[in-house]
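*Asks:* One structure, pasted below without further comment.
Protein chains: 2
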Amino acid sequence: MLSKKTKYGLKALTYLAIQKDKEPVQIAEISRHENISQKFLESILLTLRKTGYLGSKKGKGGGYYLIKEPSEIAMTSVIRVLEGPIAMIPCVSLNFYEKCNDCPDEKSCAVHKLMLQVRDSALEVYRKTTLADLIA
Amino acid sequence: MLSKKTKYGLKALTYLAIQKDKEPVQIAEISRHENISQKFLESILLTLRKTGYLGSKKGKGGGYYLIKEPSEIAMTSVIRVLEGPIAMIPCVSLNFYEKCNDCPDEKSCAVHKLMLQVRDSALEVYRKTTLADLIA
DNA sequence: ATTTATCCTATAGAACTAATAGAGTTATCA
DNA sequence: TGATAACTCTATTAGTTCTATAGGATAAAT
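Here it is, written out as structure tokens:
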């Protein structure tokens with residue numbers, strides 16, 4: 424399952440991406456438009472700022488704005504930041520690899536073999552899709 | 424994340440699939456060979472029996488055995504039984520569809536658009552892969 | 001100074017997962 | 001027919017993760 428965090432984060436990113444100018448947008452506005460709990464959204468936007476997708480401005484007229492061009496934001500990295508590993512099991516993860524402790528040999532493991540293919544197919548989608556594609 | 428239930432279920436299925444004859448295999452044997460908690464495996468095998476993948480025989484010399492040919496067991500159905508929906512979000516699920524209550528229009532939703540592609544790519548892998556492919 | 005808005009930490013409740021416990025039922029075989 | 005092996009089923013628990021909320025701290029604008 425996709426977490427609400429990822430879902431809301433993606434919606435917030437697209438909302439910021441469709442803004443005409445680069446003026447900061449307030450959390451409250453995004454939360455209203457996208458039906459997201461404001462406090463929850465707050466923590467998600469904070470994560471996105473810390474990982475370099477968003478800039479922020481405090482005080483009156485403040486808010487959040489995109490730092491990068493939408494066409495430069497690939498889903499691979501957004502998903503990894505918000506959701507975590509793309510692989511469904513650590514033993515086939517590129518960025519979060521971990522050995523299964525119950526499995527003597529990965530090469531002959533059926534689960535490994537299957538999940539490797541699933542990972543690759545998901546990765547292909549995420550790699551070729553940018554934020555710009557999603558708002559088109 | 425793939426649940427342990429699915430992981431163990433797949434391992435048990437492959438273990439049964441590589442048996443020479445169709446003699447029942449005991450839970451204890453599978454649990455020993457695949458390093459799975461016997462009690463937990465018990466409940467998983469029960470699920471697989473109720474959904475028509477396995478047959479069972481009680482009493483001395485009893486155990487579980489495959490009912491279908493490995494080449495006739497597609498991953499789509501196994502995953503749906505053990506893991507649940509293949510889609511990462513209900514609004515793009517074929518078998519477990521549910522509308523998002525925060526989303527006014529699916530067609531214009533970025534998350535929907537992205538997850539539809541991810542679902543399709545995963546589905547393609549699961550559809551073309553059978554139990555027979557995994558033990559090859 | 002006051003208002004507006006982000007920043008940050010802590011925490012609580014709900015839901016789900018993984019595993020265990022234990023009693024019940026059925027089949028086989030001597 | 002009695003003992004035993006093995007599956008059947010329900011309940012429960014411990015642990016984890018997810019979602020959301022609370023509340024104060026900090027910074028900018030006017």
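Chains as they are written, first to last, in this note's numbering: chain A, 424 to 559; chain B, 424 to 559. Ideal Cβ positions, reconstructed from N, Cα and C, are used throughout, including at glycine.
(1) Within the same chain, show all residues whose beta-carbon is closer than 6 Å to that of Pro493/B, passing over the 5 residues directly before and after it, in chain order.
(2) Residues of chain B with CB closer than 8 Å to the CB of Leu439/A, please, in chain order.
(3) What is the DSSP secondary structure of Ser531/A, counted as helix, strand or coil?
(4) Within a Cβ cutoff of 6 Å, which residues of the same chain sit near Ser479/A, ignoring the five residues on either side of it in sequence?
(5) Between Gln442/A and chain B, is there a C-beta pair that is closer than 7 Å?
(6) If we cut at 7 Å on Cβ distances, does Val504/B have a partner in chain A?
(7) Would you say Asp525/B reaches chain A, if we count a Cβ-Cβ gap shorter than 7 Å as a contact?
(8) Ignore the nearest five residues each way along the sequence and tell me which others in Cys532/B's own chain have a CB closer than 6 Å to its CB.
(9) Pull up the CB-CB distance for Thr499/A and Arg550/A, whole angstroms please, since I reckon it's below 8 Å.
(10) What in chain B is Cβ-close to Gln540/A, meaning under 8 Å?
(11) Output the distance between the C-alpha atoms of Ile509/B and Lys536/A, rounded to the nearest integer angstrom.
(12) Please list the segments of the alpha helix (DSSP H) lying wholly inside the stretch 482-535 of chain B, counting only runs of 4 or more residues, in order along the chain.
(13) So Ile450/A and Gln461/A are in contact, right, with Cβ under 8 Å, and what is the actual spacing, rounded?
(14) Is Thr553/A helix, strand or coil when you go by DSSP?
(15) Buried or exposed: Tyr520/B, going by 16 or more other Cβ atoms within 10 Å of its Cβ?
(16) Answer with yes or no whether the minimum CB distance from Asn458/A to chain B is below 7 Å.
*Replies:* Walking through what the data contain:
(1) As a working mapping, residue 493/B is identified with position 70 in the second sequence. In its chain, beyond the 5 residues on either side, Ala440, Leu554 and Ala555 have a beta carbon closer than 6 Å to the beta carbon of Pro493/B.
(2) The residue given as residue 439/A occupies position 16 in the first sequence. None at all; the shortest Cβ gap to chain B is about 12 Å.
(3) The sequence position of residue 531/A within the first sequence is 108, counting from 1. Three-state result, Ser531/A: helix.
(4) As a first step, residue 479/A must be located in the first sequence, where it is residue number 56. Closer than 6 Å at the Cβ level, and outside the excluded window around Ser479/A, lie Arg472 and Tyr487.
(5) Here residue 442/A is taken as the residue at index 19 of the first sequence, counted from 1. For Gln442/A, no Cβ of chain B is located within less than 7 Å of the residue's own Cβ.
(6) The count along the second sequence starts at 1 and reaches residue 504/B at position 81. It does not; no Cβ of chain A falls within 7 Å.
(7) Translated into the one-based positions of the second sequence, residue 525/B becomes position 102. Yes - at least one Cβ of chain A is within 7 Å of the one on Asp525/B.
(8) Working through the second sequence from its first residue, we reach residue 532/B at position 109. Only Cys526 meet the Cβ criterion.
(9) In the first sequence, the residue the question calls residue 499/A occupies position 76. In the first sequence, the residue the question calls residue 550/A occupies position 127. With a contact defined as Cβ atoms closer than 8 Å, Thr499/A and Arg550/A qualify at about 5 Å.
(10) The sequence position of residue 540/A within the first sequence is 117, counting from 1. The answer, in chain order, is Val548 and Thr552.
(11) Here the question's residue 509/B lines up with position 86 in the second sequence. Here the question's residue 536/A lines up with position 113 in the first sequence. For Ile509/B and Lys536/A, the gap between their C-alpha atoms comes out near 18 Å.
(12) Counting whole runs of 4 or more residues, the stretch 482-535 of chain B contains the alpha helix (DSSP H) stretches 498-505.
(13) Residue numbering aside, residue 450/A sits at position 27 when the first sequence is read from its first letter. Residue numbering aside, residue 461/A sits at position 38 when the first sequence is read from its first letter. About 6 Å separates the two Cβ atoms, so the contact holds.
(14) Taking the first sequence and counting its residues from 1, the one referred to as residue 553/A is at position 130. Residue state, collapsed to three classes: strand.
(15) The residue labelled residue 520/B in the question sits at position 97 within the second sequence. With fewer than 16 Cβ atoms within 10 Å of its Cβ, Tyr520/B is classed as exposed.
(16) By 1-based counting over the first sequence, the position of residue 458/A is 35. At least one CB atom of chain B sits nearer than 7 Å to the CB of Asn458/A.
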